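Peer 1:
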Amino acid sequence: MGRQRIGLHPVARDALRGLGNEVRIARTAKAWTAAQLAEAAGVSLSTIGKIEKGEAAVSVGNVLNVAAIAGVRLFSYDDPADLALRRRRGEETLGLLPSRVRPARVKDDDADLDF
9 MGRQRIGLHP VARDALRGLG NEVRIARTAK AWTAAQLAEA AGVSLSTIGK IEKGEAAVSV
69 GNVLNVAAIA GVRLFSYDDP ADLALRRRRG EETLGLLPSR VRPARVKDDD ADLDF
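9 is the number of the first residue of the sequence shown in the working numbering; add one for each residue after it.
1) Taking C-beta to C-beta, are Val68 and Ile59 nearer than 8 angstroms?
2) Could you tell me which whole alpha helix (DSSP H) segments of length 4 or greater appear in the region 61-97?
3) Is Val31 helix, strand or coil when you go by DSSP?
4) Just tell me which of Ile56, Gly15 and Leu16 has its CA closest to the CA of Asn29.
5) Quick one: what's got a C-beta closer than 7 angstroms to Ser61's C-beta in the same chain, skipping five residues either side?
6) By how many angstroms is the C-alpha of Ala78 removed from the C-alpha of Leu49?
7) Just to confirm, is the Cβ distance from Gly34 to Val80 under 8 angstroms?
8) Under DSSP, the alpha helix (DSSP H) around Leu45 begins and ends at which residues?
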């Protein structure tokens with residue numbers, strides 16, 4: 009069975025297409041062919057085409073890897089050390105959060121009524 013078409017939120021669709029455009033712009037600025045980028049990233053030529061078109065069926069790992077290899081700035085950080093710092097801060101914050109989240113209990117609004 010083939011991959012199922014993913015219904016995207018409009019913001020997610022725009023983000024994928026925008027990132028795909030940035031990959032193609034960065035690749036072209038380096039004077040790389042799509043085949044050269046595919047070889048550098050260890051993916052197929054069709055995967056590069058899908059990424060550059062903003063298709064959702066490509067794994068997020070491949071998308072981010074191709075973007076990084078092409079030289080696309082990820083998460084508005086120019087310096088990889090800044091991105092690593094952001095990751096570490098996120099991990100520290102996650103360490104402070106509860107391991108499970110339970111739905112909020114619904115308050116019984118009838119508790120103060122006397123029948």
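Here a beta-carbon is modelled for each residue, glycine too, at the ideal position from N, C-alpha and C.
Since we're looking at a predicted model, the values are computed, not measured.
Peer 2: A quick look at the data gives this:
1) For the purposes of this step, residue 68 is taken as residue 60 along the sequence shown, with counting starting at 1. For the purposes of this step, residue 59 is taken as residue 51 along the sequence shown, with counting starting at 1. In this structure, Ile59 does not lie closer than 8 angstroms to Val68 by Cβ.
2) 68-78
3) Within the sequence shown, the letter at position 23 stands for residue 31. The answer is helix: DSSP assigns Val31 an H, G or I state.
4) The residue given as residue 29 occupies position 21 in the sequence shown. Nearest C-alpha to Asn29: Ile56.
5) Here residue 61 is taken as the residue at index 53 of the sequence shown, counted from 1. The sequence given here places Lys at residue 61; Ser does not occur at that position. These residues qualify, in order along the chain: Gly28.
6) Translated into the one-based positions of the sequence shown, residue 49 becomes position 41. Translated into the one-based positions of the sequence shown, residue 78 becomes position 70. It is Ala, not Leu, that sits at residue 49 in the sequence shown. Ala49 and Ala78: Cα-Cα distance of roughly 9 angstroms.
7) Here residue 34 refers to the residue found at position 26 when the sequence shown is read from its first residue. Here residue 80 refers to the residue found at position 72 when the sequence shown is read from its first residue. The sequence given here places Ala at residue 34; Gly does not occur at that position. Taking 8 angstroms as the cut-off, the beta carbon of Ala34 is found closer than this to the beta carbon of Val80.
8) One-based indexing of the sequence shown puts residue 45 at position 37. Ala42 to Ala49 is the span of the alpha helix (DSSP H), which, as asked, contains Leu45.
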